[in-house]
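Student: Quick note, the sequences are listed as chains A and B, same order. Everything in the first sequence is counted per our numbering, starting at 115 for the first residue and increasing by one. Everything in the second sequence is counted per our numbering, starting at 9 for the first residue and increasing by one. Every residue gets a Cβ at the ideal spot worked out from N, C-alpha and C, and that includes glycine.
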Amino acid sequence: MIAVRPALTTHRTLLGVGIFIASESIFFLAIVLAYVAYRDAGLATAKATLDIGRTAIFSVALFGSSATMALAARAESGRWLAATIVLGAIFLLGQGSEYARLLGEGIGPGSALFGTTFFTLTGLHGLHVLAGLVTLAALLAANRRRRRAVHPVAWEAVGMYWHFVDAVWVVVFSVVYVGTLL
Amino acid sequence: MTAAVPLWVRRPAAERVGWLRTVDHKEIGVLYIGMGIAFFALGGLEALLLRAQLATPEEQLVDPETFNQAFTVHGVTMILLAVVPLLVGFANYMVPLMIGAPDVAFPRLNALSFWLSLVGGIVLYFSFLAGGAPDTGWFSYAPLSERAFAPGTGVDYYILGLAVNGAGTIIGAINLAVTILLMRCPGMAISRVPLFVWMTLITSVLILGAYPALTAALVMLLVDRQLGGHFFDPAGGGQAVLWQHLFWFFGHPEVYIMVLPAMGMISEVIPVFSRKPIFGYSFVAGSSVAIAFLSFAVWAHHMFAVGLGDTENAIFSVTSMLIAIPTGVKIFNWIATMIGGRLRMTSAMLFAVGFIAMFVIGGLSGVSLAVVPIDQAVTDSYYVVAHLHYVLFGGTMLGIFAGAYYWFPKMTGRLLSERLGRWHFWLTFAGFNLTFLPQHWLGAVGMPRRVFTYAASTGWGPLNLVSTIGAAILAVAMVVFFVNLARSLRSGEIAGDDPWDAFTLEWATTSPPPPENFTTTPAVTGRRPLWDRKHPELRDAR
Numbered sequence: 115m116i117a118v119r120p121a122l123t124t125h126r127t128l129l130g131v132g133i134f135i136a137s138e139s140i141f142f143l144a145i146v147l148a149y150v151a152y153r154d155a156g157l158a159t160a161k162a163t164l165d166i167g168r169t170a171i172f173s174v175a176l177f178g179s180s181a182t183m184a185l186a187a188r189a190e191s192g193r194w195l196a197a198t199i200v201l202g203a204i205f206l207l208g209q210g211s212e213y214a215r216l217l218g219e220g221i222g223p224g225s226a227l228f229g230t231t232f233f234t235l236t237g238l239h240g241l242h243v244l245a246g247l248v249t250l251a252a253l254l255a256a257n258r259r260r261r262r263a264v265h266p267v268a269w270e271a272v273g274m275y276w277h278f279v280d281a282v283w284v285v286v287f288s289v290v291y292v293g294t295l296l
Numbered sequence: 009m010t011a012a013v014p015l016w017v018r019r020p021a022a023e024r025v026g027w028l029r030t031v032d033h034k035e036i037g038v039l040y041i042g043m044g045i046a047f048f049a050l051g052g053l054e055a056l057l058l059r060a061q062l063a064t065p066e067e068q069l070v071d072p073e074t075f076n077q078a079f080t081v082h083g084v085t086m087i088l089l090a091v092v093p094l095l096v097g098f099a100n101y102m103v104p105l106m107i108g109a110p111d112v113a114f115p116r117l118n119a120l121s122f123w124l125s126l127v128g129g130i131v132l133y134f135s136f137l138a139g140g141a142p143d144t145g146w147f148s149y150a151p152l153s154e155r156a157f158a159p160g161t162g163v164d165y166y167i168l169g170l171a172v173n174g175a176g177t178i179i180g181a182i183n184l185a186v187t188i189l190l191m192r193c194p195g196m197a198i199s200r201v202p203l204f205v206w207m208t209l210i211t212s213v214l215i216l217g218a219y220p221a222l223t224a225a226l227v228m229l230l231v232d233r234q235l236g237g238h239f240f241d242p243a244g245g246g247q248a249v250l251w252q253h254l255f256w257f258f259g260h261p262e263v264y265i266m267v268l269p270a271m272g273m274i275s276e277v278i279p280v281f282s283r284k285p286i287f288g289y290s291f292v293a294g295s296s297v298a299i300a301f302l303s304f305a306v307w308a309h310h311m312f313a314v315g316l317g318d319t320e321n322a323i324f325s326v327t328s329m330l331i332a333i334p335t336g337v338k339i340f341n342w343i344a345t346m347i348g349g350r351l352r353m354t355s356a357m358l359f360a361v362g363f364i365a366m367f368v369i370g371g372l373s374g375v376s377l378a379v380v381p382i383d384q385a386v387t388d389s390y391y392v393v394a395h396l397h398y399v400l401f402g403g404t405m406l407g408i409f410a411g412a413y414y415w416f417p418k419m420t421g422r423l424l425s426e427r428l429g430r431w432h433f434w435l436t437f438a439g440f441n442l443t444f445l446p447q448h449w450l451g452a453v454g455m456p457r458r459v460f461t462y463a464a465s466t467g468w469g470p471l472n473l474v475s476t477i478g479a480a481i482l483a484v485a486m487v488v489f490f491v492n493l494a495r496s497l498r499s500g501e502i503a504g505d506d507p508w509d510a511f512t513l514e515w516a517t518t519s520p521p522p523p524e525n526f527t528t529t530p531a532v533t534g535r536r537p538l539w540d541r542k543h544p545e546l547r548d549a550r
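Spelled out as structure tokens, the structure:
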């Protein structure tokens with residue numbers, strides 16, 4: 115039995131989150147544009163150092179977490195929520211290992227234009243994933259403690275944000291990683 | 009002396025949580041306005057310091073470094089810490105009342121936005137104690153703002169302060185937008201909300217579109233300064249002009265963020281004191297939507313001197329001039345509202361009419377600056393300083409004063425003194441024009457902005473002295489206003505619920521309004537609900 119799902123345009127929390135996401139999109143757009151503007155200068159380094167195959171696997175974890183989030187929100191399921199957190203954490207660990215490898219090769223935010231734009235763009239996205247994980251964990255904890263006290267809209271709202279973080283990665287992965295194949 | 013009237017809110021003593029913990033939209037509105045007034049005073053003192061230094065040629069009052077810090081902090085303060093909080097404060101207080109709502113959509117987020125805005129301001133001012141304020145101008149162009157040229161911590165405080173303040177402003181805009189979209193009382197269609205509410209909605213959209221670009225630029229600058237990045241560092245392959253694009257993509261909508269709510273204020277004041285409905289309600293609202301769209305397509309008119317190319321300059325010149333059309337529409341709306349009306353020239357109305365006159369001057373000098381060759385001749389000169397102050401002081405601040413005289417009785421239960429109000433207006437009007445009108449000529453003959461002094465042989469001395477005298481008169485006018493505020497708070501004439509025989513819902517409740525604003529949810533059948541209630545036989549058709 116699926117309860118009546120609150121609509122984006124009539125529920126104030128969902129509308130608020132929707133507007134927030136729209137505003138965040140402009141923030142990321144500016145950072146992505148900066149990356150694209152400087153792409154040519156860093157393309158050789160990107161091609162030589164980025165590990166697209168490995169990152170693609172970790173990206174699948176993040177994309178998959180959107181599916182588990184949708185299942186979690188539909189059934190208000192703590193288990194699917196926990197799965198979402200695990201997948202999100204796997205993605206972050208993957209990012210961490212990529213960072214460690216690049217830094218080990220001497221590529222950092224200050225090394226050259228590629229490092230500056232790469233670490234800024236992926237780092238800001240990573241921070242958003244981290245914020246998402248904190249929110250998911252808070253929802254999970256609230257759901258464990260007092261399930262009835264969690265408003266159904268909380269699942270929708272947290273889910274919207276998580277899907278957004280995922281969607282941003284679609285763009286970032288395409289521009290940064292798939293872009294090295296062009 | 010009159011009977012005691014409780015100030016701000018009539019929450020029972022047991023339910024009061026104090027200013028630090030309040031989530032009441034009216035109390036948060038008052039906090040915002042208090043913050044705006046405090047920073048307005050600070051920014052004003054900085055301006056007086058600048059004018060004192062420039063009063064005569066080769067003055068030695070302050071050293072160049074102090075001067076640079078003063079004009080930088082003056083600009084940031086007035087724009088982000090005075091004007092925006094004042095406007096957001098009035099919106100916070102008035103919008104729920106005007107649409108018949110008990111509070112904003114997210115009261116706790118509302119408190120968060122205020123405190124973030126305030127902390128951002130405090131962080132910026134902390135730079136004075138931490139080794140020197142930012143000295144790179146309010147738009148902090150790269151590469152000047154890069155570590156190599158601004159090695160102190162001033163620019164870092166600028167980055168952090170603006171980012172935190174901006175986060176508060178963005179959250180506030182989300183709150184106001186959702187409130188307006190979803191919390192209107194029965195019958196309050198979006199085509200019936202007061203124009204101040206319309207302007208607040210459009211301003212919120214502008215904030216949501218523009219501020220993230222500033223935040224992004226600030227993050228990039230922080231990466232450059234703290235992590236050795238190269239976003240705006242030409243030596244490392246970056247492009248300094250990227251900062252200008254991002255900053256002005258924020259910076260120009262910011263102008264409308266500051267002026268549209270003030271236009272909303274005078275769109276409330278002028279009809280009430282002309283005893284007529286606003287002329288062309290939908291044109292005022294629609295033209296503002298047009299301004300909002302255009303405002304995202306004009307940013308490079310701040311960059312005509314950069315060398316973007318003739319095609320780019322021509323495009324941005326045209327879009328900038330187009331903005332004059334929806335702006336002009338509104339000027340005619342206000343004038344047509346007054347024509348044939350029974351005008352009551354109260355202090356609020358004086359400031360509203362003053363807004364129209366001064367804003368027309370600022371608007372016209374703006375059109376002249378949209379002409380590329382003129383801009384290239386007077387760019388970075390006092391002509392630009394004159395222009396922007398006619399828009400932001402002659403426009404926005406006069407609008408805010410109109411709103412202050414109009415709404416003070418609702419917020420406090422007491423009227424501001426009309427006698428002091430007249431002094432305030434005429435001193436402001438004289439002081440303002442004396443300060444900024446001569447700057448057009450100074451700019452036209454080549455006096456650059458942001459110079460800490462000038463040689464006597466330039467011949468700029470006399471007009472600068474006039475400008476400084478004007479600033480002193482303006483300071484006296486502000487003192488009169490503050491005295492008026494302080495005295496009226498304690499002993500002003502009791503206002504009653506509806507002292508102006510007004511039209512809109514905020515006057516349908518007590519002054520000051522009770523905690524949830526209305527005892528019964530209002531029902532609305534037109535654009536002037538209170539007028540309809542007072543004159544059922546003359547009810548508006550819509």
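Please decide whether A/I204 counts as near chain B, where near means a Cβ-Cβ distance under 8 Å.
Tutor: Indexing the first sequence from 1 puts residue 204 of chain A at position 90. Judged by the 8 Å Cβ criterion, A/I204 is not in contact with chain B.
Student: Which whole-angstrom value is the C-beta distance of B/L302 and B/T327, which I expect to be below 8 Å?
Tutor: Mapped onto the second sequence, residue 302 of chain B falls at position 294. Mapped onto the second sequence, residue 327 of chain B falls at position 319. Contact holds; Cβ gap of about 6 Å.
Student: State the Cα-Cα distance for the pair B/A463 and B/A46, rounded to the nearest angstrom.
Tutor: What you label residue 463 of chain B is simply residue 455 of the second sequence in a count that begins at 1. What you label residue 46 of chain B is simply residue 38 of the second sequence in a count that begins at 1. One C-alpha to the other measures close to 35 Å.
Student: Spell out whether any CB of chain A is found under 8 Å from the CB atom of B/I178.
Tutor: What you label residue 178 of chain B is simply residue 170 of the second sequence in a count that begins at 1. True, the Cβ-Cβ gap to chain A drops below 8 Å.
Student: Please return the same chain residues whose Cβ sits closer than 8 Å to the Cβ of B/V38, not counting the five positions on each side in sequence.
Tutor: Numbered from its first residue, the second sequence carries residue 38 of chain B at position 30. Correct list, in chain order: W16, G97, Y101 and M419.
Student: Measure from the alpha carbon of A/A186 to the alpha carbon of each residue in A/L143, A/V290, A/N257 and A/A214, then state which is nearest.
Tutor: By one-based count along the first sequence, residue 186 of chain A stands at place 72. Comparing Cα-Cα distances from A/A186 to each of A/L143, A/V290, A/N257 and A/A214, the minimum goes to A/N257.
Student: So, helix, strand or coil for B/I502, using DSSP?
Tutor: As a first step, residue 502 of chain B is located in the second sequence; it is residue number 494 there, counting from the start. B/I502: strand per DSSP, three-state reduction.
Student: By the three-class DSSP mapping on this structure, what secondary structure does B/R422 have?
Tutor: Taking the first residue of the second sequence as position 1, residue 422 of chain B is located at position 414. Strand, per DSSP.
Student: Does B/M207 get closer than 8 Å to chain A when you measure Cβ to Cβ?
Tutor: If you number the second sequence from 1, residue 207 of chain B lands on position 199. So no, B/M207 is outside the interface.
Student: Please compile the residues from chain B whose C-beta is within a distance smaller than 7 Å of the C-beta of A/L241.
Tutor: Looking up residue 241 of chain A in the first sequence gives position 127. Per Cβ cutoff of 7 Å: no residues; A/L241 is ~10 Å from chain B at best.
Student: With respect to the alpha helix (DSSP H) encompassing B/V277, which residues constitute its N-terminal and C-terminal limits?
Tutor: Residue mapping note: residue 277 of chain B aligns to position 269 of the second sequence, counting from 1. Looking at the DSSP string, the run of the alpha helix (DSSP H) that includes B/V277 is A248 to S282.
Student: Do you know offhand how far B/A21's Cα is from B/P110's?
Tutor: As a working mapping, residue 21 of chain B is identified with position 13 in the second sequence. As a working mapping, residue 110 of chain B is identified with position 102 in the second sequence. Their Cα atoms are separated by approximately 20 Å.
Student: So what does DSSP say about B/S389, is it helix, strand or coil?
Tutor: On the second sequence, residue 389 of chain B is found 381 positions in, with the first residue counted as 1. Three-state result, B/S389: strand.
Student: Taking the C-alpha atoms as reference points, what is the distance between B/T527 and A/P223?
Tutor: For the purposes of this step, residue 527 of chain B is taken as the residue at position 519 of the second sequence. For the purposes of this step, residue 223 of chain A is taken as the residue at position 109 of the first sequence. Spanning the two alpha carbons is a distance of roughly 58 Å.
Student: Check whether the Cβ atoms of B/L216 and B/A181 sit closer than 8 Å, and answer yes or no.
Tutor: Position 208 of the second sequence, counted from the first residue, corresponds to residue 216 of chain B. Position 173 of the second sequence, counted from the first residue, corresponds to residue 181 of chain B. Result yes, Cβ atoms of B/L216 and B/A181 sit closer than 8 Å.
Student: I need the DSSP call for A/P223, collapsed to helix, strand or coil.
Tutor: Working through the first sequence from its first residue, we reach residue 223 of chain A at position 109. Coil, per DSSP.
Student: Leaving out five residues before and five after B/A171 in sequence, what residues of the same chain have Cβ atoms less than 7 Å from its Cβ?
Tutor: Along the second sequence, one-based indexing puts residue 171 of chain B at 163. Taken in chain order, the residues that qualify are T223 and L226.
Student: Near B/R458, what residues of its chain come up, given a Cβ to Cβ distance below 8 Å and the 5 sequence neighbours on each side ignored?
Tutor: On the second sequence, position 450 is the one that residue 458 of chain B refers to. N76, F79, G145 and D388.
Student: On the CB-based measure, 16 or more other CB atoms within 10 Å of its CB, does B/A113 come out buried or exposed?
Tutor: As a first step, residue 113 of chain B must be located in the second sequence, where it is residue number 105. B/A113 comes out buried.
Student: Chain A beta carbons: is any one of them nearer than 8 Å to that of B/H260?
Tutor: Taking the first residue of the second sequence as 1, we reach residue 260 of chain B at position 252. Not closer than 8 Å to any Cβ of chain A, the Cβ of B/H260 fails to qualify, so no.
Student: So for B/P220, helix, strand or coil by DSSP?
Tutor: Taking the second sequence and counting its residues from 1, one reaches residue 220 of chain B at position 212. The answer is helix: DSSP assigns B/P220 an H, G or I state.
Student: Would you check if the distance between the CB atom of A/L143 and the CB atom of A/G192 is smaller than 8 Å?
Tutor: The residue given as residue 143 of chain A occupies position 29 in the first sequence. The residue given as residue 192 of chain A occupies position 78 in the first sequence. No, the Cβ-Cβ distance between A/L143 and A/G192 is not below 8 Å.
Student: Quick one: does B/A175 have its CB under 8 Å from some CB of chain A?
Tutor: Numbered from 1 along the second sequence, position 167 holds the residue referred to as residue 175 of chain B. For B/A175, the answer is no, since every Cβ of chain A falls outside 8 Å of its Cβ.
Student: Can you grab the Cα-Cα spacing for the pair A/R261 / B/V84, in whole Å?
Tutor: Here residue 261 of chain A refers to the residue found at position 147 of the first sequence. Here residue 84 of chain B refers to the residue found at position 76 of the second sequence. Rounded to whole angstroms, A/R261 to B/V84 spans 47 Å at the Cα level.
Student: I'd like the list of long-range same chain contacts for B/W508, defined as Cβ closer than 6 Å, with 5 residues on each side in sequence excluded.
Tutor: Start at 1 with the first residue of the second sequence, and residue 508 of chain B comes out as number 500. V280.
Student: Pairs of beta-carbons, one from the stretch 184-195 of chain B and one from the stretch 239-249 of chain B, closer than 8 Å: are there three or more?
Tutor: The stretch 184-195 of chain B vs the stretch 239-249 of chain B: no contact.
Student: Take A/A197 and list the residues in its own chain whose beta-carbon comes closer than 7 Å to its own, dropping the five residues that flank it on each side.
Tutor: Looking up residue 197 of chain A in the first sequence gives position 83. Counting only Cβ-Cβ distances below 7 Å, and skipping sequence neighbours, we find T182.
Student: Establish whether the CB of B/R547 and some CB of chain A are separated by less than 8 Å.
Tutor: Mapped onto the second sequence, residue 547 of chain B falls at position 539. For B/R547, the answer is no, since every Cβ of chain A falls outside 8 Å of its Cβ.
Student: What residues in its chain sit with their C-beta under 7 Å from that of B/V306, if we drop five residues either side in the sequence?
Tutor: Residue numbering aside, residue 306 of chain B sits at position 298 when the second sequence is read from its first letter. So the qualifying residues of the chain are H260, F324, T327, S328 and I331.
Student: Does B/V379 come within less than 8 Å of chain A when only Cβ atoms are used?
Tutor: Sequence index remark: in the second sequence, residue 379 of chain B carries index 371 (1-based). By this cut-off, B/V379 is not an interface position.
Student: Note the first and the last residue of the continuous alpha helix (DSSP H) segment covering A/D280.
Tutor: Here residue 280 of chain A refers to the residue found at position 166 when the first sequence is read from its first residue. Run containing A/D280: P266 to V286, per the alpha helix (DSSP H) assignment.
Student: From A/A263, A/V146, A/V272 and A/D165, pick the residue whose C-alpha is nearest to that of A/G237; which is it?
Tutor: Residue mapping note: residue 237 of chain A aligns to position 123 of the first sequence, counting from 1. Closest by alpha carbon: A/V146.
Student: Looking at the structure shown, is B/P285 part of a helix, part of a strand, or coil, going by DSSP?
Tutor: Indexing the second sequence from 1 puts residue 285 of chain B at position 277. Correct three-state label for B/P285: coil.
Student: So with Cβ pairs under 8 Å, would you call A/E138 a contact of chain B?
Tutor: Along the first sequence, read from residue 1 onward, the residue named residue 138 of chain A stands at position 24. It does: the Cβ of A/E138 has a partner Cβ on chain B nearer than 8 Å.
Student: If you run the structure through DSSP and keep just helix, strand and coil, what is B/P456?
Tutor: Position 448 of the second sequence, counted from the first residue, corresponds to residue 456 of chain B. If DSSP states are grouped into helix, strand and coil, B/P456 belongs with the strands.
Student: Classify A/A239 as helix, strand or coil using the three-state DSSP reduction.
Tutor: The residue labelled residue 239 of chain A in the question sits at position 125 within the first sequence. Residue 239 of chain A is actually His in this sequence, not Ala. Of the three classes helix, strand and coil, the one that applies to A/H239 here is helix, per DSSP.
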